[in-house]
Every structure is written in C-alpha cells, then in structure tokens.
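Inspection log for the structure reproduced underneath, given as structure tokens.
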C-alpha cells in the first residue's frame, strides 16, 4: 500500500497531527478501499523518519475515531465497519467532488428580500441618516454603569437568572419612564424587553398574523415592518398618509393588524391628530383588529405638547405598544420593548424565549440604572435642545435658500423631516456632484412615489455642516 | 356645565397638568357631549382659585391636542370635530367599560407552549443544572475588554455600522477558532453571528422549514429545538438515540431537516461515532435534507480525541453548523453563531436582519478580542481540567456509593452526564427530602421515558458539594 503523505517539519501543526490529518483526508477522499491494511507504526515511522511514538499517537486517534481498525495480532486496517457508502469521496474538495445539492429554502426565505446597504462615501455629508448624534452620548457614564455590573458579576446578569421577558429592574424602570413621558399606565409585567424594535415587530408578526392575513401599513411607511409582515406571509394593505395621518377608509374587514407610527410618522413626520387616533382605535375595536403602535422616536418633540399614546387612549385594550432606546441613546444598543395587554403577556414571553431566550442582560442592567438615576431624562432634555437648534438651522436654510416652493413636513418632532423641492432633479444632481448623501422617500412607498420628496436627517449633523450642505444644495446663485 | 375636577395642591404634578389630565379623562370617559361649551379660563380660574395663566396653559394643550375647540369670539368647547364614536367611554377604565375583545392569536402562538421555569430553592444543591461555573469566569479581564470598546466608542460598535451577520473581527475570530478546535474550514463570511444558539435554530426553522414539513429530532432530545420546530408548524419525527447515536432508520423520505447534537448528545451525552456521522451525511445527501449540527458543548472533552464536526466531514455541503459561547463562557452572554454553506449566506443574513437587525456589538467586539488574544483557549483549558476533576468525583461516588447497578452515560465530554439508578423511586424521594435538585430525563422524551434516568450537571458545583450531594443521595448506610 502506497501512502504518499507529505509531512512538513517546518509547519506549525505537530507531526502526529499532520499524520492524522492526511490519513483522514485520504480515507475520506476515497483513496483506500475499506479493510485495506495500513503500514504498521514501526514501518511508517521508518519510512518517514519520525519517531514511533509520534506515529502511534496519530494511529490511536484514527482508531478512536473509527477511521482505522486495529485487529489484535494482525495489524491495522482501514475500517471495514463503516457503512457501504463511506469511502466515496465526500470530505475533501476535489475535482471529482460533485456540486453540493441545492438546499431547498422555505417560503419564508423566498419572501425575504436581500439586505439593502447604502454605500456612503467617507467624504460625503449624509443627510439621509435618521439617527441620534453618537458623539453626544455620555459614554464615560455608560461605561461606569456597565462596569459596575461587570464588577458585581451577579448571576442575575450573567447567568440565565432573569426572565425571558427581561431584567426585572429594567421592566420597572421602563414602566415608570413611559408613565412619565407617554402617560402610559402599565405594570412592569406588561413590559416585554426585546432586542430592538425590529424584534418587537417580529414577535407581533409571529403571534398576531397567520399567512394570508392582512396587515395594514402606512403608505409611505417603514420598510422594516412591511417587509417583515410580507415575509411572514401576510398580505399588505396600504393606508395612504395625509396631513392627518394614515387613512382609515383604506382598511378592510379582513385587516387583522394595523401598524402605525402616530407620534412622528415614518417617513413623512406627520403626527396623527387625536381625532384620527380615536377613530382608528374605534375601527380596530369594531373589527377585532390589533393596533401596533410603533413609537420609535416620540421623545424629541419641538413644537406643541406630545399627543397621548394610542395605548394610553385605549387603556391598552387592543393596542400593542413598541418603544426603543436606539433613537434616544445609540443605535448599536439593541434594546427595545413592547407593552402588551395582560392577556398577551404569556404568549409574548413564550415567543421571546423561543426566539432567543432573552436579551443580553449586561446592557439591560446598565440601562435600568441609566433610567433610574435620571441620566436618560437628562440626556433626552439635552439632545432635544441640540436637535431643535439643528432643526431650526434646516428650516431657516430651506426657507432662505430655496424660497416659497419648498414644502416641509414632519418638523415638529423626531430626528428627521421631509421636504419637497420644486425642482427635484436639479437638487439630486447637485447633491451627487457635491458629495451630499440625500435620500428620496421613494424607498418607503409601496405604490407610486412622489418624485420630489426627500428625507433630511438633521440630528446627527452639526450646525455648520448642515449650513454648508444645504447652501451647497441650493446651488451657486444665492 | 358642571366641572367637578379635584385639584390637589400637595401633589407632585403641577396644577396645569392636573387640570389637563382631568379634563382629558372626563372627555374620554364620555362625561361631556361634543360641542359642549366649557368654562372660560377666567371663570375656571376663579372657580378653583388658581391663576389664570395656569388654566390657560392647560387649555392650550387641550386645544392643541384636539380635545377642546376654541372658536374666536365665542369661547371654548369640547371638540365637535371628533368622529361620531369618540365620546363613548374608551379611555378610562370604569364599571361601564366593556371587557376588551379577546385578541385572536396566530397558529404560531397556539403551537407555542408556555415557558417552563424550574423553581430551585435557595438552600438546595442543584444537580440538574447544565451550566458552566460562573464563579470561575475571568470577569475582571472581561470587564477590561468591554471597557476598552466603551472607551473607544467607535461607530463600528455603537452605531449600526456592522453588518447584520455580525462584527467583522468576531466572524474572523470564530472562523479561526473553529478551524483550530473543530477542523472546520470556512471563510469568515460563512459565519453568521446570532444572539445565542436558540436564535440560530430559529433562523434555520424559518429558512429551512415550511409548515407541514417534517423535522427529525433526537429522542430524547433538546426541547428548545423540538418546541421551536413544532411552533413553526413542522411535524416532528423522533430518532431514538442508542449508544451509537440517533437511529437513521427512523428517518423518512419526507424529512427535510435533521437536528443532531453529535459531539455530546443532549441529554444522554453519547457521542455519535464516525460511521453514524457518515451514514447520516450520506442519507441527507441522498434525500436532499439538511443536517443541523448543534455543537452546543464540544469544547469540553475528557476522554478520547474529539471527533471531527459533521460540517468538516461534509466540507459543509448540506450541513448547517451551530455553535455557542454560553457553555464556554457564561450563559448570560447571548452570542452564538452559524456556519452556513456559501449559497445560504444571503438568506441567513437577510433573516437575521429581519429578526433583530444585529446582535449587540459591544459584546461581539469584546468577544473578538477575548478569542484573538488567546483568553478563550486558556479559559477552556482551565475549565476542562476543573470540570474533569468534578466529573471524576461524580464517577467515583457513583461507583462507590451506588454499586454496580448504576449505568452512567455521556461522561466523556460536556457539562453533564446521565445516570440510571437501579432504585429510582428511592433516589427521588431522598433527593427531595435532602434538598437536592435532581432532574429526570423524562422532560426530554417525546414518547415514553425510562423511569430511572437522571441528569447530573457537575460543572458548576464544587467537589466538596458534589461529594456531599451524592453521598446524601446514596442513603444513610455507607
């Protein structure tokens, strides 16, 4: 039997490992018939000029793993107890290796789109980013809070001690926070902590939608919600958004779930007036549909008092509320929450457990302290002032540089506003030439989008840069 | 119009807020007909003995939010522009408030069980816990690594900078780690970071199973996988586990996904021999089924060399590999990973994005350093020695105290083993009387379980405590 192994004394892998690896590859590659006798350790050691101990170590492993068979008194053989098909080439990629069979994917998979990624050049000013200003987050403070829990190393945080629905302290802190800021009255047990608002929507889709059910979405609206419902097999019903929010007339008796962003509609930024909120709640009650209130950026309000959450208007009946800390803290923090009616606590807890057991507890514990010690409120107050100044700069520049043809919406709250320019094509061309990343709202429409509507995310950009970008967009003649 | 508001000067809420709150509650409670005139700010202020400015602030908010309507020259009214049904009681819980309609849940929800929670008394010794020893994890070191990234506050970690499939450095570190420890050759792009192995299984169920498809599971087996597949609508096929692993004869031509734990079968602890691995791979190839290799605790092996991962045997064709850091680090760390064939990278990335955007990056970045700087390998080596000593104590005590009738399985690896006692009833009674938490494997069977089989999780318990617990279980006469 010829054993053409290539041992390399200079390699990092020890020789016994090389011998093992190469025998294994050769057997899996079908180079030996089963039952074939292999050289004795003595013969092999002599042939390759290595110590017999080294060879014995490799052989023992090959025997232990079933590649070799040692028969007492007669030597060592390629295992014959392997099943019939074993010795066909399967383990080692080679020319003879057939292409792997295509794996059949589920219908869920076929309904998933790919992941869209915006490529932002490093030198561009990105007006399309709806994001808080990361540079203003108090990381030293956050580090202290996280470190505190790392120092304690409490099993409540580092073992599976906590409930799937979240860290108890955080659930209580969230309940108190939204009672203060959103007039939502709920017990901590109704708060289900999740890994960001996307997971909140996913759990809702699992628990509240069957394939073929109808989910109503705002038009334009948040693609992350719409794609998710579609992936779960729901059919989508578009609710056109006007200045008074999404149209309720568009709903049908088949609609089972209504996803809305009433505080600051995404992307238009309009706020749903009280009358529309009540009308929608009433519609949902009559049709036994669930309202999914996605309150993704209610914390920044610049003009007028915040409207009460739909959840609080309905005292929670038939409403599932979704909140997130991504927009008030930083987007890499994957912590969001649901507030669910009592009757759904069990189902949401079980669904969360099934999805990923629980959200990372270290950051949950730190966030509980961040809220309880007043840091969150302080940070929001500071950022509200900062973002309002930035918003004002945008409004001032839009008014001054583009004239009366410009229509601004959604500037009363949030991290972005939308704007319609009279000559959209010229704006787009100028943005591209001058390295300004500008996003049309076209992405957010299921149907035909308006041609000239853009998002301006102002929160993460300094005033000077905002001025430069908007002046530059306005063109040379000013 | 009578306005019986109860203002409380001692309350924390400012008076204008109290006025606003109570008007709002009264209107939502249906106490006023729409269009009804409300007292002027002057009259209200006089009636309640508060400043007119206070009342004006409250009224302005009520007008802004649409509860009140100010008609120039004629006064203020309960809004008449609210829709017809508005003034029915909806917002304020009261006796007149009808019970909320029951929310109709999805079929997914109906297939979810509740969350089982084991109640462990604080004074008991918990032999049922399959867990690493949290007290031996180097938290000071981990704190340093986490702090390092908190100090840098890099947008790669705190913004959505990273790809949904995970932190680039971590994906590369994992690929290198499993090449070293599991002989798995894959590119970092094939590694999809997820929030623990449960999420890995969930993504597989979404992408690889349609409702009605058949998923094969080990019998006994891991309930977290089985419940998950069932919740996704799959029908389960049980593969009885013998000493040579799960039986392949049990599979049918309808089986689309086969979930196995070949390194250290859960819960029996048996290791699937090479022949069975190859046979299963061959079966899956012939039937175009996917093998889901759940390698939840391969890192601790005490006897014999580790067998190659099925993924490496098949060079990844038709195999999805699942790994986790919960058992080598600590269970609160919600980081696991999938290794998927090239053709599935896109689908898994999209599914992960849809599920929760990405796993928390702070801990991903720290974990990348933990692996790259050699801490993980060192920790595993240390824990392997420690757990082996603890395992040896269990084996010694079982042999000495219970005699030859005891059958031990699964002691070659992992954090637990299983044991069959000859007189199970007596053991259970003694465990309960002496405060020892002992779990039968009955939970892990779909069919009829053996009566006398127990799990002993030894890794998180000190030698002295193990000795005390097992001696105590063995009864008074020793």
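Residue numbers (our numbering), protein chains in the order written: chain X, 189 to 666; chain U, 189 to 666. Here a beta-carbon is modelled for each residue, glycine too, at the ideal position from N, C-alpha and C.
Query	Result
Neighbour list for residue 402 (chain U) in chain X, Cβ cutoff strictly below 7 angstroms	Here the premise fails: no neighbours, minimum Cβ distance about 13 angstroms.
Contact check, residue 478 (chain U) vs residue 416 (chain U), beta carbons under 8 angstroms	no
Terminal residues of the alpha helix (DSSP H) in which residue 328 (chain U) lies	327-340
Beta strand (DSSP E) segment containing residue 482 (chain U), residue limits	478-482
Residue-level contact to chain X via CB, residue 196 (chain U), 8 angstroms cutoff	no
Residue ranges of each alpha helix (DSSP H) within the stretch 500-534 of chain U, 4 or longer	none
Limits of the unbroken alpha helix (DSSP H) element including residue 411 (chain X)	411-419
For residue 447 (chain X), the residue or residues it bridges with in DSSP	X:405, X:480
C-beta neighbour in chain U for residue 424 (chain X), strict 8 angstroms	no
Residue 445 (chain X) burial status per 10 Å Cβ neighbour count (16 or more: buried)	buried
Cα-Cα separation between residue 628 (chain U) and residue 608 (chain U), rounded to whole angstroms	10 angstroms
Collapsed DSSP secondary structure at residue 242 (chain X) in the structure displayed	helix
Chain U contact residues for residue 386 (chain X), given Cβ-Cβ distances below 9 angstroms	541, 542, 543, 544, 545
Helix, strand or coil at residue 644 (chain X) [DSSP, three-state]	strand
8 angstroms Cβ cutoff, residue 253 (chain U) in contact with chain X	yes
Spatial distance of residue 382 (chain X) from residue 516 (chain X) (CA atoms)	16 angstroms
Euclidean distance between Cα positions of residue 258 (chain U) and residue 366 (chain X)	30 angstroms
Where residue 236 (chain U) meets chain X, residues with beta-carbon distance less than 8 angstroms	Going along chain X, no residue has its Cβ under 8 angstroms from residue 236 (chain U), so there is no contact; the nearest lies around 21 angstroms.
Interface positions of the stretch 547-577 of chain X facing chain U (Cβ-Cβ less than 9 angstroms), listed along the chain	547, 548, 549, 550, 551
Delimiting residues of the beta strand (DSSP E) encompassing residue 608 (chain U)	604-608
For residue 555 (chain X), the first and last residue of its enclosing alpha helix (DSSP H)	549-560
Beta-carbon contacts of residue 649 (chain U) that lie in its chain and below 6 angstroms, excluding the five residues immediately before and after	none
Cβ contact (3+ pairs, closer than 8 angstroms) linking the stretch 585-597 of chain X and the stretch 503-515 of chain X	no
Cross-chain neighbours of residue 343 (chain U) in chain X, by beta carbon under 7 angstroms	322
Opening and closing residue of the beta strand (DSSP E) in which residue 427 (chain X) lies	423-430
Chain-order list of residues whose beta-carbon lies under 7 angstroms from that of residue 614 (chain U) (same chain, five-residue window excluded)	none
Start and end residues, alpha helix (DSSP H) containing residue 357 (chain U)	356-370
Buried versus exposed call for residue 531 (chain U) [16 or more other C-beta atoms within 10 Å across all chains shown]	exposed
Proximal residues, the stretch 458-475 of chain U versus chain X, C-beta separation under 8 angstroms	461, 462, 463, 466, 467, 469, 470, 473
Residue environment, residue 456 (chain U), which counts as buried when at least 16 other CB atoms sit within 10 Å	buried
When X:327, X:195, X:295, X:216 are compared against residue 554 (chain X), the one with the closest alpha-carbon	X:327
Residue 356 (chain X) at chain U interface by Cβ criterion, 8 angstroms	no
Alpha-carbon to alpha-carbon, residue 658 (chain U) and residue 638 (chain U)	21 angstroms
Per DSSP, the bridge partner or partners of residue 313 (chain U)	U:624
is_contact[residue 216 (chain U), chain X] using C-beta, thresh 8 angstroms	yes
Under 7 angstroms (Cβ pairs) to chain X, residues found in the stretch 389-416 of chain U	390, 394, 395, 396, 397, 398, 415, 416
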